[in-house]
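A.B. asks: Residue numbers (my numbering): 807 to 1511. Starting off with a structure, shown below.
Have a look at this one:
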């Protein structure tokens, strides 16, 4: 006889009503919280984003299909891994296989291993996974849950870093290496977390916020994943355990994931708080993009299955970190305010164009200044005067922790300042033609901000010298107009920056009442990577966007290089930089190789024997000279190119002031190994003493103490 359970209809009805009321109360809490943190417009937009129909998969991605029949494959794993990737699983084999196939497809530059921890899966996961070459498969005798499985995987790991990865994820190019970058480039980084996206392309999470009551907020959910607000590194309260890298020694030091949160939920927040308590940082890394099928493992209903522990574990989290939570933002604090609750000072920087380190030395200098400001505790936003920025430029600045304000994502300067100006502690305006039209607006809408004028180089001085070089009367008058404008800006700003000691002395003599500081080019000292005998040829770096470079190339190819080639036809000349295609035939000739703009100068800095700087007019200091010296590459230059460089002829540099003496200097240095080695060493020391990050850091501390 079969026995069927007897249900009490009243009890079932009561239970159902209670469940529905609980869900309604939870939904109302979410809406109320969203109204406080996003406002009415933001809440309506958020609801629309969540319920709008989307394709199941972003067409621009090539995600691994879940229904692909299994055939054995191999993972590119190492026996001596630098990183251990730990994937806990409990069933869901199709997702696990798709995750592992994505790892096999994209690999990583750093050596890594993959450890799958099978948490007593109810399907045939174990039998299938044993057929994947290179995979380390661990078995839990009983179900330990997410936390227990992660800790078991960490105990078996051989890498110096642990990367915890959900099995319902798929990785993309750079997924592992870009997380590893944070530990090399971000001082005291303890945890680095990925940018998470849904398979349909929408953003899932860009770091998390924790409020004083222990409630958490996934920043950016359902926003566009390439919004510049999402694409810069920053410190966060926590990152999701779906794709989280941590220093293995630190993980063991703090005891791993706290088992009191078993089986799952809140353990990633807790780990982040423990890492900060140990004096380390938690960093969100947008360049590591991981696609996450949220809810596959545990569902999305907070009252069913493992997901129900989310609510109970938050109480545990609040009890454990009560004293620390007092310093977190109050509940219902607007999201953008809560995101930056750490209280960093805030600076807006404006230049004519978004900097690109591969384009010009001024860009490299500005990027390095922004890097230093962030290291000094500043929160940095950047806006180009034309509000344009390519995706690659946004990523480049995001790499140093800078939020780029650009079209179509950001409003005009006036609108942005009306909203954010009161929060600014400083504004830096670069170049007189950017500062002049914007200074009054900045003064009015950012009333408490220190205003810096970065001259980049004195425009009027360059114009005056160009006028003298070409005997151009109209340009001479323009130079005087520029002079009056630049001097007025220097008087009107709280402090001004120049790049050359010559310009510093000139301004201090002319207007001693103004505050002017020297902040020159900023270069890392790369060192000499190849010796004299392993090098050949000459290199000039400079694009035609800067008129002195165009004049230099014409002089070099027309008068200097023919003299060199007449004596030594084996010496090649390499021209690197933006030279228009229409202009190239003028300079092409025997021995001349025109490379155009390149992404990486290292091959020329390490392969050529001499760098050239045949500039006949200009101002400021010359990045091409700094760059060569920072690589230990000796330089032949004009006295104009060496101005402000602290360089001494025949000790740090070789000088030539006309075509004949310039060519003679090239030929002298090209075959003199002893002189070459002496100049190489002296050039490196010159950059270290006068153009290093440390020198720039001191200058910034003088104007922004």
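For every residue, glycine included, the Cβ atom is placed at its ideal position computed from N, Cα and C. Note that this is a predicted model, so its numbers are computed, not measured.
What did DSSP end up calling residue 1111 once you bin it into helix, strand or coil?
C.D. replies: Because the pLDDT at residue 1111 is just 48, under 50, the model does not fix this residue reliably, and the point stays unresolved.
A.B. asks: May I ask you to report which of helix, strand or coil DSSP gives residue 1360?
C.D. replies: helix
A.B. asks: Between which residues of its own chain and residue 1306 is the CB-CB distance below 6 Å, once the five residues before and five after are set aside?
C.D. replies: 1426, 1427, 1450
A.B. asks: Could you tell me if residue 872 is buried or exposed, where buried requires 16 or more neighbouring beta carbons within 10 angstroms of its beta carbon?
C.D. replies: exposed
A.B. asks: Quick check: what's the CA-CA separation for residue 787 versus residue 1400?
C.D. replies: Past the boundaries of the shown model lies residue 787; the chain is included only from 807 to 1511, so the question cannot be answered.
A.B. asks: According to DSSP, is residue 905 helix, strand or coil?
C.D. replies: Note: residue 905 maps to helix in three-state DSSP.
A.B. asks: So, residue 1220 versus residue 1345, is the Cβ gap smaller than 9 Å?
C.D. replies: no
A.B. asks: For the ligand SAH, is there a heavy atom less than 8 Å away from the beta-carbon of residue 1303?
C.D. replies: In the structure on display, the ligand SAH does not appear, and there are no ligands present to speak of.
A.B. asks: By DSSP, does residue 946 sit in helix, in strand, or in coil?
C.D. replies: coil
A.B. asks: If contact is defined by three or more beta carbon pairs under 8 Å, each pair taking one atom from either stretch, is the region 1054 to 1062 in contact with the region 1169 to 1185?
C.D. replies: Segments in contact, no.
A.B. asks: Do you know how far the Cα of residue 1195 is from the Cα of residue 948?
C.D. replies: Take the alpha-carbon of residue 948 and the one of residue 1195: they are about 53 Å apart.
A.B. asks: Cutting at 6 Å between CB atoms, please list the residues of its own chain near residue 989, excluding the five before and the five after it.
C.D. replies: Here residue 989 has 995 as same chain residues with Cβ atoms under 6 Å from its own Cβ, once five neighbours each way along the sequence are excluded.
A.B. asks: Can we say the region 998 to 1014 touches the region 933 to 944, given the rule of at least three CB pairs closer than 8 Å?
C.D. replies: no
A.B. asks: Three or more C-beta pairs under 8 Å: does that hold for the region 961 to 977 against the region 886 to 894?
C.D. replies: yes
A.B. asks: Answer with buried or exposed for residue 1192, where buried requires no fewer than 16 other C-beta atoms within 10 angstroms of its C-beta.
C.D. replies: Under the 10 Å beta carbon count, residue 1192 is surrounded by fewer than 16 other beta carbons and is classified as exposed.
A.B. asks: From the DSSP output, in three-state form, read off residue 1288 for me.
C.D. replies: helix
A.B. asks: So does the region 1293 to 1306 actually touch the region 1402 to 1417, counting three or more Cβ pairs closer than 8 Å?
C.D. replies: no
A.B. asks: Closest to residue 1199 by C-alpha separation, out of 1019, 1405, 1431, 1067, would be which residue?
C.D. replies: Minimum Cα-Cα distance from residue 1199 among the listed residues 1019, 1405, 1431, 1067 corresponds to 1405.
A.B. asks: For residue 1513, which option in 1256, 1323, 1491 has the closest C-alpha, if you only look at C-alpha atoms?
C.D. replies: No answer is possible for residue 1513: the residues shown for the chain start at 807 and end at 1511.
A.B. asks: Counting Cβ pairs, one atom from each stretch, are 3 or more of them under 8 Å apart for the region 1369 to 1387 and the region 1486 to 1495?
C.D. replies: no
A.B. asks: What's the gap between the Cα of residue 1505 and the Cα of residue 910?
C.D. replies: 48 Å
A.B. asks: Using the C-alpha atoms, what's the distance from residue 1352 back to residue 1324?
C.D. replies: 22 Å
A.B. asks: Would residue 912 pass as a contact of residue 975 if the rule is Cβ separation under 9 Å?
C.D. replies: no
A.B. asks: Near residue 955, which residues of its chain fall below 6 Å by C-beta distance, leaving aside the five closest residues on each side in sequence?
C.D. replies: 894, 923, 925
A.B. asks: What residue range does the alpha helix (DSSP H) around residue 996 cover?
C.D. replies: It is not in any alpha helix (DSSP H) - residue 996 instead sits in the beta strand (DSSP E) that spans 995 to 1003.
A.B. asks: Who are the near neighbours of residue 985 in its chain, counting only those whose CB is closer than 6 Å to its CB and skipping five residues on each side?
C.D. replies: 998, 1051, 1091, 1094
A.B. asks: Are there three or more Cβ pairs, one per stretch, closer than 8 Å when the region 1012 to 1029 is compared with the region 1137 to 1154?
C.D. replies: yes
A.B. asks: Please specify which runs of the alpha helix (DSSP H), each continuous and at least 4 residues long, are wholly inside the region 918 to 985, giving them in chain order.
C.D. replies: 931 to 935, 951 to 962
A.B. asks: In terms of residue numbering, what span does the beta strand (DSSP E) encompassing residue 1234 cover?
C.D. replies: 1232 to 1236
A.B. asks: Which residue wins for smallest C-alpha separation from residue 971, given the options 1049, 1016, 1363, 877?
C.D. replies: 1049
A.B. asks: Are residue 1328 and residue 1190 touching if we call contact CB-CB under 9 Å?
C.D. replies: no
A.B. asks: Taking the alpha-carbon positions, what's the residue 1503 to residue 1309 distance?
C.D. replies: 20 Å
A.B. asks: Between residue 1066 and the rest of its own chain, which residues show a CB-CB distance below 7 Å, the 5 nearest in sequence each way excluded?
C.D. replies: Listed in chain order, the non-local C-beta contacts of residue 1066 below 7 Å within the same chain comprise 1122, local neighbours out to five positions each way being set aside.
A.B. asks: I need the DSSP call for residue 1302, collapsed to helix, strand or coil.
C.D. replies: strand
A.B. asks: Starting from the Cα of residue 1152, find the closest Cα among 1252, 1423, 1430 and give me that residue.
C.D. replies: 1252 is the residue among 1252, 1423, 1430 whose C-alpha sits nearest the C-alpha of residue 1152.
A.B. asks: To which residues of the same chain is residue 1209 closer than 6 Å at the C-beta, ignoring the five residues directly before and after it?
C.D. replies: 1038, 1187
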